[in-house]
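Okay, so here's the structure we're looking at.
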Amino acid sequence: MPATGATVRIEPLPPLPNLIAFEAAVRHGSFTRAATELNLTQSAISRQVAQLEEFLGRALFRREHKRIHLTVAGQIYAEQIQRVLTLCAEATAQVITHSGDQQLTLACSSGVAALWLGPLLGRYRDAFPAVDIRLRVVDGLDSLIRAEFDLALYFLREVSPAGL
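For my numbering, count along the sequence shown from 1 and bump the result up by 17.
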């Protein structure tokens with residue numbers, strides 16, 4: 018790890034979106050499926066891969082009849098890029114899940130929020146001040162299925178729908 022104030026030279030590096038597009042195309046064996054995963058067009062993936070190939074001065078794929086195949090250079094590069102992007106994803110996940118600042122999203126009905134949860138949240142915040150509590154008041158189980166939450170608190174008189 019460099020000393021504070023030291024400069025780490027990270028050039029020459031291609032643009033990160035080009036690397037992500039390349040890695041997705043490698044995994045899927047298709048620009049179209051990579052585009053679907055990344056919510057881009059097929060032509061955007063093709064263009065990003067072409068920019069990467071231009072940057073490297075090497076072809077990474079052979080394009081034959083709407084199919085792509087890695088070249089030898091592409092195979093070598095893919096192994097390294099997949100490893101590097103995996104390390105980046107793992108580092109990002111560690112920072113996000115670090116025990117410092119944490120977030121807890123609770124989903125509950127308006128009745129549970131008003132009558133029961135209020136006093137408990139105060140005690141929880143006193144015990145765990147580093148946890149940011151988000152409350153989602155969601156009435157109706159159909160809405161609950163689509164809500165994003167860590168914990169749901171409900172009094173039910175009905176059978177839970179499938180998937181809940």
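C-beta: ideal position from N, C-alpha, C; glycine also.
| Asked | Found |
| --- | --- |
| Buried or exposed for Gln97, going by 16 or more other Cβ atoms inside 10 Å? | exposed |
| If you draw a straight line from the alpha carbon of Tyr94 to that of Leu77, how long is it in whole angstroms? | 8 angstroms |
| So is Glu70 buried or exposed if we call it buried at 16+ other beta carbons inside 10 Å? | buried |
| Checking 8 angstroms against the spacing of the C-beta atoms, do Phe166 and Thr122 come in under that value? | yes |
| Let me check understanding here. Comparing Cα to Cα, which of Leu134, Phe48, Ala52 and Gln65 lies closest to Pro31? | Gln65 |
| Would you call the stretch 147 to 156 and the stretch 123 to 135 touching, i.e. three or more CB-CB distances under 8 angstroms? | yes |
| CB-CB under 6 angstroms to Ala67, same chain, minus the five flanking residues each way: which ones, in chain order? | none |
| If I follow the unbroken alpha helix (DSSP H) through Asp143, where does it start and stop? | Gly135 to Ala144 |
| What does the alpha-carbon distance come out to for the pair Cys105 and Gly128? | 43 angstroms |
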